[in-house]
Amino acid sequence: MKEVKSALVASDWDIEAAQNELRKRGVALASKKSSRTAAEGFLALAQDEKKTILVELNCETDFVAWNQIFQHLVSMGFQLLYFIISFMTSLLTHHYYNLDSIGHIAGLLSLEVEDKDAPLDVVQRVGSQIAIAAKPLFLSKEDVTSDALGNERDTLRSQAEKTGKSQMAIDKMVEGRLRKYYEEVVLLEHKFIVDD
């Protein structure tokens with residue numbers, strides 16, 4: 001109401017001029033709001049053997065994101081999208097997995113499992129380890145490229161040489177730090193996050 005009154009006053013009560021002024025203000029307001037970042041929000045996920053739906057709904061503040069109404073909106077939007085896609089096609093009829101709750105982080109990982117009867121929770125935990133928590137770069141030590149290993153070894157040696165210790169001590173420091181490097185970037189060397 002305030003905006004309408006101020007537009008009417010500014011245009012000497014000319015209704016058409018006031019409408020034009022309000023339209024201009026609307027564009028300016030929309031432009032101003034479009035530059036704001038909606039960095040908070042939640043994700044919901046469903047998948048079958050071939051397709052995945054990941055719904056992300058964002059808002060500007062965590063206050064809004066943690067509001068039950070907003071979370072309900074994410075959940076309902078996801079359910080509606082899932083219904084529409086499953087009704088219109090038969091893409092999502094198998095292995096539907098609905099998250100117990102919506103969350104901030106999601107990862108999509110395709111795994112080929114030899115045992116088709118493997119418990120779904122084990123597969124999900126391995127997926128969480130790879131896609132979200134640990135972010136490995138290599139599967140095994142043998143997969144670490146010589147470039148990556150050489151760069152890391154050079155960096156570690158440079159850091160160790162700054163300590164002024166003997167060459168034997170520097171070599172031991174580099175090898176110890178390389179073990180830690182493997183634990184960080186090699187999946188099979190990771191500590192399993194679920195066990196922590």
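Residue numbers (UniProt numbering): 1 to 196. Just so it is clear, CB atoms sit at the ideal spot from N, CA and C, and this is done for glycine as well.
- Sixteen is the threshold: since fewer than 16 other Cβ atoms of the shown chains lie within 10 Å of the Cβ of alanine 118, the residue is exposed.
- Here leucine 178 is not near phenylalanine 138, since their CB atoms are 9 Å or more apart.
- Annotated as distal: glutamate 60 and arginine 25, with beta-carbon spacing of 9 Å or more.
- For the options Thr163, Gly164, Glu189, the alpha carbon positioned closest to that of glutamate 142 is the one of Glu189.
- With contacts defined as CB atoms closer than 9 Å, valine 55 and leucine 81 qualify as a contacting pair.
- Bounds of the alpha helix (DSSP H) holding valine 123 are 120–128.
- Burial of glutamine 129 is indicated by the presence of at least 16 other C-beta atoms within 10 angstroms of its C-beta.
- For phenylalanine 42, the secondary structure class from DSSP, reduced to helix, strand or coil, is strand.
- Contact annotation, asparagine 58 with glycine 41: C-beta distance approximately 4 Å; criterion of less than 8 Å satisfied.
- Within the same chain, Cβ atoms closer than 6 Å to the Cβ of alanine 7 are found at Ala18, Glu21, Leu22, the five residues on either side in sequence being excluded.
- Under DSSP, leucine 54 forms a beta bridge with Leu45.
- According to the DSSP assignment, arginine 153 belongs to the alpha helix (DSSP H) that extends over 146–161.
- Counting other Cβ atoms within 10 Å of its Cβ, alanine 65 reaches 16 or more and is therefore classed as buried.
- Under DSSP, phenylalanine 138 takes part in a beta bridge, and its partners are Val186.
- Measuring C-alpha to C-alpha distances from threonine 37 to each of Trp13, Asp62, Leu45, Ile53 identifies Asp62 as the nearest.
- Around tyrosine 181, the same chain offers Glu152 as residues with beta carbons nearer than 7 Å, after the five sequence neighbours per side are excluded.
- Boundaries of the alpha helix (DSSP H) around serine 6: 2–10.
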